[in-house]
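Q: In case it helps, mature numbering (1 follows the signal peptide of the UniProt record, and there is no 0) puts the sequence shown at residues -16 to -1, 1 to 854. C-beta atoms are modelled at their ideal positions from N, C-alpha and C, and glycine is treated no differently. Computed from a predicted model, the values in this text were never measured in an experiment. One structure is given below, represented as structure tokens, and several questions about it will come after.
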Amino acid sequence: MLWLVIVSTLLGSALAQIVPLSTYCNRMKKSATNCMCESESNLVVVRCTDEYAMQLEQSDRETNIFMSYYDVFDLDHLPCFNLVQVTKFEFDAYNFWNETFWSDLQSKLGIESILAIEVRDRRVDNASRMALTQKLTAADVNISDYSGSHEISNSSDSGKITIEISNVYENGSNIYSTSNMYGNASDTYNVSNIYDKSNNISNILSNNNISQTKKKYNDTNCDTSLNKTTWFFSYVQNLSSFTFESDIYQLEEDMFQAFTNLTQLELKLSVDWLPPLLFAPFATTLQEINFENSRSVNFSSALLRQMCRLENVTVHLGGNAAKLQPQLFTNMSQLREVHLLSASSKVDHRMFRGSHNLRIIQIVFNDFLNKLPVGLFRDQFFLTDLDLHSNSLSELPVGLFSSLHRLQTLDLSRNKLCALSSDLLKPLWSLNMLNVNYNSLIALESATFSELRSLSFIDMRGTQFYGTRLSMHYEALLCTNDVICQYKAETWQCASDCICWVERDTLELIVDCRGSALKELPELPHTRLVQTIVRASNNSLKALPSANSTGYANVTELHLAHNHLKHFNSSIQLPINLTFLDVRYNHINGFSDEFVGYLENSTLKLALAGNPLHCDCNALPLLNFVRAQPQRVRDIGELQCATGTGAVYRKAFQQLDVDEICPSYVLLIGCIVGGLVVLGCLICTLYLAYRQQLKIWLYNHNWCLWWVSEEELDKDKLYDAFISYSHKDEELITKLLPKLETGPHAFRVCLHSRDWLVGDCIPEQIVRTVEDSKRILIILSQHFIESVWARMEFRIAYQATLRDKRKRIIIILYKELENFEGIDSELRAYLKLNTYLKWGDPLFWSKLRYAMPHNRRVLKGQTKRPAPLV
């Protein structure tokens, strides 16, 4: 390199000497004929033809350095300076330096700290492709000295990444390194897009303790035409809040692999799909996510459900016609808030199923959302705020709000609702604010809001009513109707847990005790009114009131849904004037015959859905009643069996047949007998087909030994036993063999020294003898362990035992082993897992004969066989 030659004369004394800036060019001009050098007391400017340039400027307040180069291997050419602190360091890179370049540069220039670094990559013609090209460690840059607003920047004409140190990191001393963001293109990072939207990354990576950015950016061969992100944030475990904004349309699954402590995440993207494991690294820590996308996006159904601590979700999509996955928020017990903005044209009834702790749900700005399913909010018992404004809802089904007893705020504004019914709003007894402005309402029923006892504010702006209807005749206003105008109100005391009032249209006394945690119904006020309606749903009642209870003689309706009622038997004495009884969602599993008889002789109507009915023979009276008088059960279509056979379970009660819940005993007995016959035939068939295999299995498990003889299993084997031993243990064989081959239970024994063919291949004879023997006796001694052939005989016998799945090996320990660790691994393992005989044991011969093959005569009269020795 030319500039290395130029400054070669500076090597030597200059290297060890701190050079003032004003004398730098004096040394340079003597040897650098192709370079221009100008130096003053506070400025050095060096330019060499197409190869090297440096500008160093000092003042009382700051020191700035600019360098550019084509190629460099070391910095020995530089004289020593004493710059201490550099305010800004700019670098134009045409090639990459070696790993020690940065530390060498600091050493030569005497730099202790750098407040700002800007690096431009000039290796390619496209000026927008640039990168931070080498690692900057805390030791190199002395980041702990940073104060105020400082930057590590990556810039070009097309865009700029700026990281404000004071904003990005709570404490600069927590930065250990920003290592090797080597060779990445700005196109890949969408730097200009990020800069344009958020000004600088200090807004995106604020308030965290990043400890390290791992060497994960080395993607020099990325195809930038795909506009595919290669963002990786490795080893930034301390990051708790992260915001990412980009126009990329595809995310890598391991993009956030290091964010193990993230609690807040904000994404503003233009992607078509989110990988199912994108959020897996912070599945146990993330509490809040805000996802904004400029187009419709395909969510994986498990993407959010894996977030076990997620409390707040906001989804804002650009595609109104999209459909979210049916079970996107199901079974998320920690979830508190869900905000869906322009997110879906259809909402499935399972969307929030099992997410019991939701407090706030917002589904807004969905132009194509015109209806909601009945069971959408079935499990949201603790919901307090529901915002459904700015959709296209034209009607809401009755029962949509049936579980929202704690709802306080409901916003239905800017929809296309034409009507609101009292049945729809009846469950909302905690509602205090209702917004229905700018809908298509033209009239309201007089009792629309009569059930909303907590309602304090209604917003109906922008609603054009075409008429109103008085709740009484106009003559009543003139006091010509004495019955109404001169009625003297009674004075009575209402229970403290209830609210009481008189319905003016019907002169009914309404006693509202809903949601008051009552364990028993209170006494009712004394009144001359002939009709009383008691509403006591959502309490802890375990018994019905008696007709003899104070004030209950005139009760005509009892609403007791969502309580703990269990039994309906003959002891129940209902109020004599009762016309309707609502006991939905209790714990009732059946009704006694006496109570069903009472129903048949009365005009009482019931509501029974949601009870765990037992569908057996005891349910026949109720089934007959329901079939005979279906109009007496208002929710007959919702009754289901909670127990019963597979065909009955969860089946609609009214569709049951008598034979399904109570089959005749003749049919039952016939089924049992038929089943036994089929089972017997199957057993016989299996026995004939697998008789031999069955006997082997029974014998190995010591079952039915009276039926299984070992002679049948080993009838084709020539020998009862093959003795494997070392020839150095012949002494034991002379004692062992006579007792085995003689006596009342003589055995056929094979010895390799006596029975093998001379000259035949030894390994083949070992295999053949093991196959032809019912037992293999191993004479275990130190000599046996040292014998190659003896160890081979054991291995072959062991493999045969594993193959046959039968215990055929009998080990006789002849003498104590000197070196147990020297035994082959297979033999050592076998000894640890199986028992063996020991020569010299007083019961040695009895145990050995019992371990040898038996015949039926030996087993005769045996009641229980001991466990095998091997």
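With C-beta atoms as the reference, is N547 less than 9 angstroms away from L525?
A: Counting from 1 along the sequence shown, the entry for residue 547 is found at position 563. Counting from 1 along the sequence shown, the entry for residue 525 is found at position 541. For N547 and L525, yes; Cβs fall inside 9 angstroms.
Q: Just the C-alpha distance for L544 and T563, rounded to the nearest angstrom, thanks.
A: Here residue 544 is taken as the residue at index 560 of the sequence shown, counted from 1. Here residue 563 is taken as the residue at index 579 of the sequence shown, counted from 1. Taking the straight line from one Cα to the other gives about 14 angstroms.
Q: Beta carbon of E276, beta carbon of T247: below 9 angstroms?
A: Here residue 276 is taken as the residue at index 292 of the sequence shown, counted from 1. Here residue 247 is taken as the residue at index 263 of the sequence shown, counted from 1. Contact: no.
Q: Just to confirm the assignment, what range does the beta strand (DSSP E) spanning Q248 have?
A: Walking along the sequence shown from the start, residue 248 turns up at place 264. From DSSP, the beta strand (DSSP E) with Q248 extends over Q248 to L253.
Q: Under the three-state reduction of DSSP, which class applies to L663: helix, strand or coil?
A: The residue you call residue 663 lines up with position 679 of the sequence shown. DSSP places L663 in helix when its eight states are reduced to three.
Q: Could you spell out where the beta strand (DSSP E) holding K758 opens and where it closes?
A: Along the sequence shown, read from residue 1 onward, the residue named residue 758 stands at position 774. Here the beta strand (DSSP E) through K758 covers S757 to L764.
Q: Which runs of the alpha helix (DSSP H) at least 4 residues long sit entirely within the segment 751 to 834? Give them in chain order.
A: 766 to 770, 772 to 788 and 809 to 817
Q: Report the option in P411, K400 and A591 whose CA atom is closest to the CA atom of L388.
A: Position 404 of the sequence shown, counted from the first residue, corresponds to residue 388. Per the Cα distances, P411.
Q: Near I795, which residues of its chain fall below 6 angstroms by C-beta distance, leaving aside the five closest residues on each side in sequence?
A: Within the sequence shown, the letter at position 811 stands for residue 795. Here the set comprises I762, L764 and Y820.
Q: Quick one: residues in its chain with C-beta nearer than 7 angstroms to the C-beta of P837, no 5 flanking neighbours on either side, listed in chain order?
A: For this step, residue 837 is matched to residue 853 along the sequence shown. Cβ within range, chain order: E694, D698, D704, K758 and R759.
Q: Taking three-plus beta-carbon pairs below 8 angstroms as touching, is the segment 725 to 740 in contact with the segment 663 to 671?
A: no
Q: Just tell me which of L418, F361, D351 and I653 has its CA closest to the CA of N399.
A: For the purposes of this step, residue 399 is identified with residue 415 of the sequence shown, where counting begins at 1. The shortest Cα separation from N399 among L418, F361, D351 and I653 belongs to D351.
Q: Below 8 angstroms CB to CB, which residues in the same chain sit around K550 once its five sequence neighbours on both sides are set aside?
A: Residue 550 sits at position 566 when you count from the first residue of the sequence shown. These residues qualify, in order along the chain: K526, N570, H571, I572 and N573.
Q: When DSSP builds the beta bridges, which residues end up paired with Q69?
A: Position 85 of the sequence shown, counted from the start, is the residue given in the question as residue 69. DSSP, once it has assigned bridges, lists S97 as partnering Q69.
Q: Below 9 angstroms between beta carbons: does that hold for L377 and Q346?
A: Position 393 of the sequence shown, counted from the first residue, corresponds to residue 377. Position 362 of the sequence shown, counted from the first residue, corresponds to residue 346. Not in contact: L377 and Q346 (Cβ atoms no closer than 9 angstroms).
Q: Sorted by chain position, which residues of the same chain lie with C-beta nearer than 7 angstroms to V661's C-beta, five sequence neighbours on each side aside?
A: Here residue 661 corresponds to residue number 677 of the sequence shown, with the count starting at 1. No residues qualify anywhere along the chain.
Q: If we ignore side chains and look at the alpha-carbon of each, how far apart do T587 and R616 end up?
A: Position 603 of the sequence shown, counted from the start, is the residue given in the question as residue 587. Position 632 of the sequence shown, counted from the start, is the residue given in the question as residue 616. Going by the C-alpha atoms only, they are around 8 angstroms apart.
Q: Which whole-angstrom value describes the C-beta separation of H323 and T298, a residue pair presumed to lie in contact below a C-beta threshold of 8 angstroms?
A: Start at 1 with the first residue of the sequence shown, and residue 323 comes out as number 339. Start at 1 with the first residue of the sequence shown, and residue 298 comes out as number 314. With a Cβ gap of about 4 angstroms, H323 and T298 count as contacting.
Q: Pull up the distance between the alpha-carbon of P381 and that of G621, whole angstroms please.
A: Within the sequence shown, the letter at position 397 stands for residue 381. Within the sequence shown, the letter at position 637 stands for residue 621. Spanning the two alpha carbons is a distance of roughly 17 angstroms.
Q: Just curious, the beta strand (DSSP E) that R611 is in, first and last residue?
A: Within the sequence shown, numbered from 1, the residue matching residue 611 stands at position 627. First-last for R611: L604 to A612, but that is the alpha helix (DSSP H), not the beta strand (DSSP E).
Q: Identify whether H838 lies in helix, strand or coil by the three-state DSSP scheme.
A: By one-based count along the sequence shown, residue 838 stands at place 854. The answer is coil: DSSP assigns H838 none of H, G, I, E or B.
Q: Report the partner residues of V322 according to the DSSP bridge assignment.
A: Here residue 322 is taken as the residue at index 338 of the sequence shown, counted from 1. According to DSSP, which records beta bridges pairwise, V322 is partnered with V297 and I345.
Q: Measure the CB-CB distance between W413 and R498 and report whether it falls below 9 angstroms.
A: For the purposes of this step, residue 413 is taken as the residue at position 429 of the sequence shown. For the purposes of this step, residue 498 is taken as the residue at position 514 of the sequence shown. Against a cut-off of 9 angstroms, the Cβ pair of R498 and W413 comes out as a contact.
Q: Consult DSSP for I620 and reduce its assignment to one of helix, strand or coil.
A: Here residue 620 is taken as the residue at index 636 of the sequence shown, counted from 1. The answer is helix: DSSP assigns I620 an H, G or I state.
Q: I think L396 touches V358, with their Cβ atoms under 8 angstroms apart; what is that distance to the nearest whole Å?
A: Here the question's residue 396 lines up with position 412 in the sequence shown. Here the question's residue 358 lines up with position 374 in the sequence shown. At roughly 16 angstroms, the Cβ-Cβ gap does not stay under 8 angstroms, so L396 and V358 are not in contact.
Q: Could you tell me how far apart the beta carbons of I769 and I793 are, in whole angstroms, since I believe they sit closer than 8 angstroms?
A: Your numbering for residue 769 matches position 785 in the sequence shown. Your numbering for residue 793 matches position 809 in the sequence shown. About 16 angstroms separates the two Cβ atoms, so there is no contact after all.
Q: Since A636 sits in a beta bridge, which residues does DSSP pair it with?
A: Counting from one through the sequence shown, the residue named residue 636 turns up at place 652. Under DSSP, the beta-bridge partners assigned to A636 are Q624.
Q: Would you mind working out which of S254, N245 and T244 sits nearest F228, comparing C-alpha positions?
A: Residue 228 sits at position 244 when you count from the first residue of the sequence shown. The shortest Cα separation from F228 among S254, N245 and T244 belongs to S254.
Q: Thinking C-beta only, is Q39 closer than 9 angstroms to M51?
A: Position 67 of the sequence shown holds residue 51. Position 55 of the sequence shown holds residue 39. Yes, the Cβ-Cβ distance between M51 and Q39 is below 9 angstroms.
Q: Tell me the start and end of each unbroken beta strand (DSSP E) in the segment 492 to 541 that is at least 3 residues and wholly inside, in chain order.
A: 492 to 496 and 516 to 519
Q: Can you tell me which of the three DSSP states Y703 falls into?
A: The sequence position of residue 703 within the sequence shown is 719, counting from 1. Of the three classes helix, strand and coil, the one that applies to Y703 here is strand, per DSSP.
Q: Quick check: what's the CA-CA separation for R337 versus L391?
A: The residue you call residue 337 lines up with position 353 of the sequence shown. The residue you call residue 391 lines up with position 407 of the sequence shown. When rounded, the distance between both Cα atoms is 17 angstroms.
Q: Would W485 and L493 qualify as a contact pair, given that the criterion is a beta-carbon distance under 9 angstroms?
A: Position 501 of the sequence shown, counted from the start, is the residue given in the question as residue 485. Position 509 of the sequence shown, counted from the start, is the residue given in the question as residue 493. A contact, by the Cβ cut-off of 9 angstroms.
Q: Given a cut-off of 9 angstroms, decide if E755 and A784 are closer than it, judged by their beta-carbon atoms.
A: Counting from one through the sequence shown, the residue named residue 784 turns up at place 800. Counting from one through the sequence shown, the residue named residue 755 turns up at place 771. Yes, the Cβ-Cβ distance between A784 and E755 is below 9 angstroms.
Q: Under the rule that 16 or more other beta-carbon atoms within 10 Å means buried, what is N595, buried or exposed?
A: If you number the sequence shown from 1, residue 595 lands on position 611. Label assigned to N595: buried.
Q: Below 8 angstroms on the Cβ atoms is my contact criterion, and I expect I645 with A603 to pass it. Report the Cβ-Cβ distance as a whole number of Å.
A: In the sequence shown, residue 645 corresponds to position 661, counting from 1. In the sequence shown, residue 603 corresponds to position 619, counting from 1. The C-beta distance from I645 to A603 rounds to 6 angstroms, short enough to meet the 8 angstroms contact threshold.
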